[in-house]
Amino acid sequence: MENVKVLIVEDEASIRKFVKINLERSKFIVFEAESGEEALESFSSIKPDVVVLDVMLPKIDGFEVLRRIREIDNEVIVIMLTAKSQDMDKIMGLEIGADDYMIKPFNPLELIARINTIFRRINKDESKNKK
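Residue numbers for the sequence shown follow numbering that gives the first Met the number 0, so the first one is 0 and each next one is one higher.
Shown next, in the form of structure tokens:
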């Protein structure tokens, strides 16, 4: 999707690069953060449309990053992408405000499909509201 800005928040460089390459192939504009602090610092200036957020980050974990993002912006799409696969982790992420929750290992094409699905739903809702 052209002109859609994605912020990847992932402390593992190899995973971050893997996600970035696949999103860029699908024409997303990609920004990176390797910590929760860095993500929060750059969130306001980047104004991403989508945040792909790991849970297990140094210092500030992904759940706290999500809480703070939701205090700033309740519209941005947030997809948790994490190795934390317990049901309670998924439920907590979704209840805090994540739009989706994916478990590592993951297929990057599925991540892109989930982002596109959320955008389709948003665009469908917006066109209904205009009528």
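Even for Gly, the Cβ is constructed at its ideal location relative to N, Cα and C.
Identity of the residues DSSP links to residue i by a beta bridge
i, result
"E31", "I7"
"D99", "I78"
"L52", "V8 and M79"
Nearest residue (CA-CA) to residue i, options the options
i, options, result
"L141", "Q85, R15, V51 and D88", "A query on residue 141 cannot be resolved here, the shown segment of the chain reaching from 0 to 130 and no further."
"I28", "S43, K4 and G35", "K4"
"E40", "V54, V64, D48 and F17", "V64"
"V75", "G92, E94, R113 and P47", "P47"
"I45", "P104, V54 and A32", "A32"
"Y100", "P57, D53 and R67", "D53"
"I68", "I20, G92, I114 and P57", "G92"
"V49", "V77, S43 and A38", "V77"
"I59", "E37, D72, P107 and N73", "E37"
"I111", "R24, R15, N2 and K16", "R24"
"L108", "S13, I20 and E1", "I20"
"I71", "S43, E94, F105 and D86", "S43"
"F105", "F30, K26 and S84", "S84"
"K26", "N73, N2, R15 and K16", "N2"
Anticipated Cβ contact below 8 Å, residue i with residue j, distance rounded
i, j, result
"M79", "G96", "With 8 Å as the limit, M79 and G96 do not qualify as a contact, their Cβ atoms being about 10 Å apart."
"T116", "I102", "At roughly 17 Å, the Cβ-Cβ gap does not stay under 8 Å, so T116 and I102 are not in contact."
"V18", "E9", "7 Å"
"G35", "L56", "5 Å"
Where the alpha helix (DSSP H) through residue i begins and ends
i, result
"E63", "G61 to I71"
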